[in-house]
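Residue numbers (my numbering), protein chains in the order written: chain A, 837 to 947; chain B, 133 to 243. Glycine included, every Cβ here is placed at the ideal spot set by N, Cα and C. These numbers were taken from a predicted model, which means no experiment stands behind them. Here the structure is laid out as structure tokens; the discussion comes afterwards.
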Amino acid sequence: DGGITQSPKYLFRKEGQNVTLSCEQNLNHDAMYWYRQDPGQGLRLIYYSQIVNDFQKGDIAEGYSVSREKKESFPLTVTSAQKNPTAFYLCASSGNTGELFFGEGSRLTVL
Amino acid sequence: QKEVEQNSGPLSVPEGAIASLNCTYSDRGSQSFFWYRQYSGKSPELIMSIYSNGDKEDGRFTAQLNKASQYVSLLIRDSQPSDSATYLCAVNRGGYQKVTFGTGTKLQVIP
């Protein structure tokens, strides 16, 4: 089935560790996005990519890094520089309509 | 001023009534407008897209767009308890541009 797969679904991290969240899509979409959602809040854009080998910072990029080496994949690394990384992370993709299709999300907790 | 503003609610309506959800946006260059539904602990799912002024109907849902007033709304007719969720308004400048979300309105449909 076509869709977006995020992994892991739950992740625990010790302070000072980097972690990488996986996002894979088989929808043949050109654009991919990473959002962060905190409890009771809306979605805030971390990074987005409109084409392979190119990406742009969103509103809260500090402490995060991404790569887009393949059309299907857009992994997000949460670095130790991110001061408050505990959140729900959502990956999405879109075609040229701008309609976003989301994965099931990854819930990161810092211990 | 926030780019996309929504009343956080909760908005409570009785079962069978019409629920009216509102959203304003600040970027006059916005071309595409979306409504997403998010159940607690889940990822958002697209329920409506609208690209031109006026109304767009899909089943029990009607999206309304007024670009001059920078206002977009979602009406849910014959509200059901299963409609209880947070509704997120989102906008972009079209195509593969970044998609900006409001903080969402929590809807409660009372049986």
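So with Cβ pairs under 8 Å, would you call residue i a contact of chain B?
| i | result |
| --- | --- |
| Gln-861(A) | no |
| Asp-890(A) | no |
| Gly-941(A) | yes |
| Thr-933(A) | yes |
| Asp-874(A) | no |
| Ser-930(A) | yes |
| Gly-828(A) | Chain A is shown only over 837 to 947; residue 828(A) falls outside these bounds and no answer can be derived. |
| Leu-857(A) | no |
| Gly-899(A) | no |
| Phe-938(A) | yes |
Does residue i have its Cβ less than 8 Å from a Cβ in chain A?
| i | result |
| --- | --- |
| Thr-194(B) | no |
| Tyr-157(B) | no |
| Val-231(B) | yes |
| Thr-237(B) | no |
| Ser-164(B) | yes |
| Tyr-244(B) | The structure shown does not extend to residue 244(B), since chain B is modelled only from 133 through 243, so no value can be given for it. |
| Gly-226(B) | yes |
| Gly-234(B) | yes |
| Ser-181(B) | yes |
| Ser-175(B) | yes |
Run through the DSSP bridge pairs and tell me what residue i is partnered with.
| i | result |
| --- | --- |
| Arg-225(B) | Per DSSP, none; premise fails for Arg-225(B). |
| Pro-146(B) | Ile-242(B) |
| Ser-885(A) | Met-868(A) |
| Val-914(A) | Val-855(A) and Tyr-900(A) |
| Glu-860(A) | Thr-841(A) and Ser-909(A) |
| Leu-926(A) | Tyr-871(A) |
| Ser-942(A) | Tyr-925(A) |
| Glu-137(B) | Thr-156(B) |
| Phe-891(A) | The partner list for Phe-891(A) (beta bridge, DSSP) is empty, contrary to what the question assumes. |
| Leu-947(A) | BP columns for Leu-947(A) are empty, so no partner. |
Would you call residue i buried or exposed, if buried means 16 or more other Cβ atoms sit within 10 Å of its Cβ?
| i | result |
| --- | --- |
| Glu-189(B) | exposed |
| Lys-921(A) | Reading off the sequence, residue 921(A) comes out as Pro, not Lys. So Pro-921(A) ends up on the buried side. |
| Glu-935(A) | buried |
| Gly-191(B) | exposed |
| Ala-200(B) | exposed |
>> Does the segment 844-853 of chain A come into contact with the segment 868-881 of chain A, if we say contact requires no fewer than three beta-carbon pairs (one atom in each stretch) closer than 8 Å?
In response: no
>> Check whether the segment 217-229 of chain B and the segment 160-169 of chain B touch, using three or more Cβ-Cβ pairs below 8 Å as the test.
In response: yes
>> Please give the ranges of any beta strand (DSSP E) in the segment 147-219 of chain B, keeping only runs that are unbroken, at least 3 residues long and fully inside the region.
In response: 151-157, 164-170, 177-182, 186-190, 193-198 and 203-208
> Are there three or more Cβ pairs, one per stretch, closer than 8 Å when the segment 151-162 of chain B is compared with the segment 172-189 of chain B?
Replying inline: no
>> Under 8 Å: do the segment 925-943 of chain A and the segment 170-179 of chain B share three or more Cβ pairs, one atom per stretch?
In response: yes
> At a cut of 8 Å, does the segment 194-214 of chain B reach the segment 913-931 of chain A through at least three beta carbon pairs?
Replying inline: no
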